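Data block below; observations after.
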Amino acid sequence: MSLYRTELRRLTKRRFTRYMTLLGLLVLAAVVVGVFFTNQKIDAGQLAQAERQADQQYQEQVRWSERDRAECEKAKTAGTPSDGRYPDDCSVITAPSRDQIEAEWFLPSTFNFRETFDETLIPFAAILALVGFVVGASFVGAEWSTGGMMNLLLWRPRRLTVLLTKLAALLTGMLAVTLPAAVLWFAGFWAVATFRGSTEKVTSGVWQSAMLTGVRGVVLVLVLTTLGFALASLGRHTAMALGGVVAVMVVGQFGLGILLSMASVKFAEAWLLPTYILAWMTKTVTLQNWDSCNATYYGECKPETMDITWQQSSVLLSVAVVAILGAALWAMRRRDVS
Amino acid sequence: MPAVLEIEGLRKTYKNRRRGTRNALDGFDMRVDAGQVHGFLGPNGSGKTTTLRTLLGLIRPDGGRMVLLGQEVPHALPAVAGQVGAIVESPQFFPHFTARDTLSLLAGAGEVPANRVDEVLELVGLRDRAGERVKTYSLGMKQRLAVASALLKKPKLLILDEPANGLDPGGIREMRTLMRNLAESGMTVLLSSHILGEIQLICDSVTIISLGRRVAFGPVDEVLAQHSSGAVRIRLEAVSDLPVATEVLTQAGVRVTGHPDHLMVAGVDKPATVTRLLAERDLYVSELAPIAVDLESVFLELTATAPVPGQHRQVDESMKVGGTGQSGAAGGGWGA
Chain A
1267 MSLYRTELRR
1277 LTKRRFTRYM
1287 TLLGLLVLAA
1297 VVVGVFFTNQ
1307 KIDAGQLAQA
1317 ERQADQQYQE
1327 QVRWSERDRA
1337 ECEKAKTAGT
1347 PSDGRYPDDC
1357 SVITAPSRDQ
1367 IEAEWFLPST
1377 FNFRETFDET
1387 LIPFAAILAL
1397 VGFVVGASFV
1407 GAEWSTGGMM
1417 NLLLWRPRRL
1427 TVLLTKLAAL
1437 LTGMLAVTLP
1447 AAVLWFAGFW
1457 AVATFRGSTE
1467 KVTSGVWQSA
1477 MLTGVRGVVL
1487 VLVLTTLGFA
1497 LASLGRHTAM
1507 ALGGVVAVMV
1517 VGQFGLGILL
1527 SMASVKFAEA
1537 WLLPTYILAW
1547 MTKTVTLQNW
1557 DSCNATYYGE
1567 CKPETMDITW
1577 QQSSVLLSVA
1587 VVAILGAALW
1597 AMRRRDVS
Chain B
15 MPAVLEIEGL
25 RKTYKNRRRG
35 TRNALDGFDM
45 RVDAGQVHGF
55 LGPNGSGKTT
65 TLRTLLGLIR
75 PDGGRMVLLG
85 QEVPHALPAV
95 AGQVGAIVES
105 PQFFPHFTAR
115 DTLSLLAGAG
125 EVPANRVDEV
135 LELVGLRDRA
145 GERVKTYSLG
155 MKQRLAVASA
165 LLKKPKLLIL
175 DEPANGLDPG
185 GIREMRTLMR
195 NLAESGMTVL
205 LSSHILGEIQ
215 LICDSVTIIS
225 LGRRVAFGPV
235 DEVLAQHSSG
245 AVRIRLEAVS
255 DLPVATEVLT
265 QAGVRVTGHP
275 DHLMVAGVDK
285 PATVTRLLAE
295 RDLYVSELAP
305 IAVDLESVFL
315 ELTATAPVPG
325 QHRQVDESMK
335 VGGTGQSGAA
345 GGGWGA
């Protein structure tokens, strides 16, 4: 227990931890403030004006289509070549129906808590996961590279206990930042919706869904924190984790994406990690293959689809944690400290 | 005296596909008795730091037996670690923490009372600079901090690897006094150093290692005596008498080496024999000086690392016990 408390102290004493956490929280705050100032509450006057603008655009569309149809027929009668400007059958030139032009297009941006809050949890989790990864990597990586780990092992020779206690302290620290930040995030966007949008139809089901997305976000933060910690411990340097991520993202993901695209592989995104991260947060990501046609009863062509679910993502994240943390523990136990 | 540290047949081999196999420790033996200041000497790359790291559980041995404070390690290391203070190689600390923070975190991890931090800071002379970041410290100050960290848990056995490295002359003297005081208070000190004069001054006993094997061990006086040549330098009143004196001593069975202004004789049990032999032939001695051997010359002899003009000795070119073509490795009954 003394080691755990000491490691918590060490974590909070590190300037890098403080600055990175502060930076992450400032970015989150900037997102909330930005959303606040780019949205506004819609009143009846603004709604009526939007309706008028929609009407006005509808009338313009009608005028333009009638003019185009007339010119089309005129060109057809004169036998002037249209050079592809007009269709063979001029009657297909029609204006859109009124209901296709929506009034909300002419409304300023407004924050609807029910529809939008879930999406905001993705950048929340991503930013804190990035902070967790870097802080986790630095926490153990700097210890290895400066000799602090060796000093500690002279006091506490049980290597696995030392490494796991460090990880426990790190995860506790990240949780201590993430949970209050999540509460503030919920509160912040509730305030944004109250003053700059709408909190209508926020049922218990909506809250439940938001809470579950939030929990998955917290789990993502903890998973990436663990991976950063384990990679840096494996390489005994912070750069191992950061370099590993750059290698995976640039070579493994960007390069792989180009390769799969050139090979015209179906559902190429299914091979890319960000898809699974997104699926973890949104529960499902539906990939589409536009090079196929699934005909409907109405003669419409629908692309072939493939669902990536949060359950599949959970398997991937679990395997990553077990494999990388397992390797770090094995290396800690077996490798000489020199 | 009971042994605080015993090592028998310790082996550590490093295997590398390109560079092949290297025996860092090749059946190394060591014994340190309680309450002593024990010097641990060896050329660069001879296995000193590997021995200390292995003893402290940082490196896995390939064979042999190690006992610390009566318990076999590394198995019982968690039980004895609290009684062993150590610094291994150059002092390494997280550079952005202050000395006080560094020691306070170690004390926390080792369940040492917080007031002990101030005690050791006072002891190593860092009291007034304890609030500064370690990255601003000189090598000597880091060395003091390292010693402070080793003393933090009031160890029964203190292992120090090159503790005087980077210290100014005053600091070296303070360190020497500290070692002595600690030993007098009952602490056993194992001191690895290249400053052989220091070792000779403060150590009760030594172990000399070369290429992973012990080449000499025992009380300092005995090691010196065992490797003393027994040589005596003789000067006469008249330099012109030196050839006659050489003849007289040679006839008496004494090995004599002539020099322009003096003679060196070896194999003489009692210097008085020389004066008597010469006086009988009316040759009068103006100086009769036994040549004292020091630890440095013994070390250089035992490890075969004395510099040779025109040659550049490589790191691993030193004495191996039982090696071919080497002499004096286990002379005088010392050795593996």
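Line by line, the protein sequences give chains A and B. Counting with the numbering used here, you get residues 1267 to 1604 for the letters of the first sequence. Counting with the numbering used here, you get residues 15 to 350 for the letters of the second sequence. Note that the Cβ used here is the ideal one computed from N, Cα and C, for glycine as well. These figures come from a predicted structure and were not determined experimentally.
Environment of residue i [buried if 16+ CB atoms lie within 10 Å]
i: K3/B; result: Here chain B comprises residues numbered 15 to 350, so residue 3/B is not present and cannot be evaluated.
i: P1374/A; result: exposed
i: I101/B; result: buried
i: Y1563/A; result: exposed
i: I1524/A; result: exposed
i: T338/B; result: In this predicted model, T338/B has a pLDDT of only 42, less than 50, meaning its place in the structure is not dependable; the value taken from the coordinates is given anyway. Classification for T338/B: exposed.
i: N1560/A; result: exposed
i: M1528/A; result: exposed
i: S1357/A; result: exposed
i: K26/B; result: buried
i: W348/B; result: Since pLDDT at W348/B reaches only 21, below the 50 mark, its modelled position is unreliable, and the value read off the structure follows with that caveat. W348/B should be labelled buried.
i: G1311/A; result: exposed
Rounded C-alpha distance that separates residue i from residue j
i: Q1577/A; j: W1546/A; result: 8 Å
i: L1274/A; j: P127/B; result: 18 Å
i: S1604/A; j: T271/B; result: 50 Å
i: R247/B; j: Q214/B; result: 24 Å
i: G342/B; j: P88/B; result: Unreliable placement is indicated for G342/B, whose pLDDT of 34 sits below 50; the coordinate value is still reported in the next sentence. Taking the straight line from one Cα to the other gives about 34 Å.
i: N1378/A; j: D1349/A; result: 47 Å
i: D1384/A; j: D1557/A; result: 31 Å
i: L1394/A; j: T1548/A; result: 17 Å
i: T260/B; j: A286/B; result: 16 Å
i: W1596/A; j: T116/B; result: 28 Å
i: D1355/A; j: S1331/A; result: 14 Å
i: V299/B; j: S60/B; result: 45 Å
i: T1492/A; j: L1292/A; result: 23 Å
i: R1631/A; j: M1440/A; result: Beyond the ends of chain A as shown, which are 1267 and 1604, falls residue 1631/A; an answer cannot be given.
i: V1458/A; j: W1451/A; result: 10 Å
i: P1389/A; j: E1339/A; result: 53 Å
i: E198/B; j: N1417/A; result: 27 Å
Bounding residues of the alpha helix (DSSP H) (the contiguous stretch that carries residue i)
i: S311/B; result: 309 to 317
i: G1592/A; result: 1576 to 1600
i: N1417/A; result: 1414 to 1421
i: C1559/A; result: From DSSP, C1559/A is part of no alpha helix (DSSP H) but of the beta strand (DSSP E) over 1550 to 1561.
i: N37/B; result: Looking at the DSSP string, N37/B is not in any alpha helix (DSSP H); the run it does join, the beta strand (DSSP E), is 34 to 47.
i: V258/B; result: 256 to 265
i: T1465/A; result: Taken as a continuous stretch (DSSP letters only), T1465/A belongs to no alpha helix (DSSP H), as it is neither H nor E.
i: I213/B; result: 210 to 216
Terminal residues of the beta strand (DSSP E) in which residue i lies
i: I1367/A; result: I1367/A -> no beta strand (DSSP E), and no H or E assigned at all.
i: D1354/A; result: From DSSP, D1354/A is part of no beta strand (DSSP E); its letter is neither H nor E.
i: M15/B; result: Unbroken run through M15/B: none, as it is neither H nor E.
i: M278/B; result: 277 to 280
i: A85/B; result: Correcting the residue identity first, residue 85/B is Gln in this sequence and not Ala. 85 to 87 is the extent of the beta strand (DSSP E) around Q85/B.
i: I248/B; result: 246 to 250
i: V203/B; result: 202 to 206
is_contact[residue i, chain B] using C-beta, thresh 9 Å
i: V1401/A; result: no
i: R1280/A; result: yes
i: E1605/A; result: The requested residue 1605/A is not part of the displayed model; chain A covers only 1267 to 1604.
i: A1408/A; result: yes
i: L1429/A; result: no
i: M1506/A; result: no
i: R1424/A; result: yes
i: W1456/A; result: no
i: T1492/A; result: no
CB contact check: residue i to chain A, cutoff 9 Å
i: Q8/B; result: Only positions 15 to 350 of chain B appear in this structure, which leaves residue 8/B out of reach.
i: R190/B; result: no
i: L19/B; result: no
i: F108/B; result: yes
i: E72/B; result: With the sequence shown as reference, residue 72/B is identified as Leu, and Glu is not the correct amino acid for it. So yes, L72/B belongs to the interface.
i: S163/B; result: yes
i: P127/B; result: no
C-beta atoms of residue i and residue j nearer than 9 Å
i: A123/B; j: V138/B; result: no
i: G184/B; j: R158/B; result: no
i: G263/B; j: L291/B; result: The sequence as given places Leu at residue 263/B; Gly does not occur at that position. Yes, these two residues count as a Cβ contact at 9 Å.
i: L72/B; j: D1573/A; result: no
i: L55/B; j: L120/B; result: no
i: Q1306/A; j: G1454/A; result: no
i: A267/B; j: A38/B; result: In the sequence on display, residue 267/B carries Gly and not Ala. The answer is no: Cβ separation not under 9 Å.
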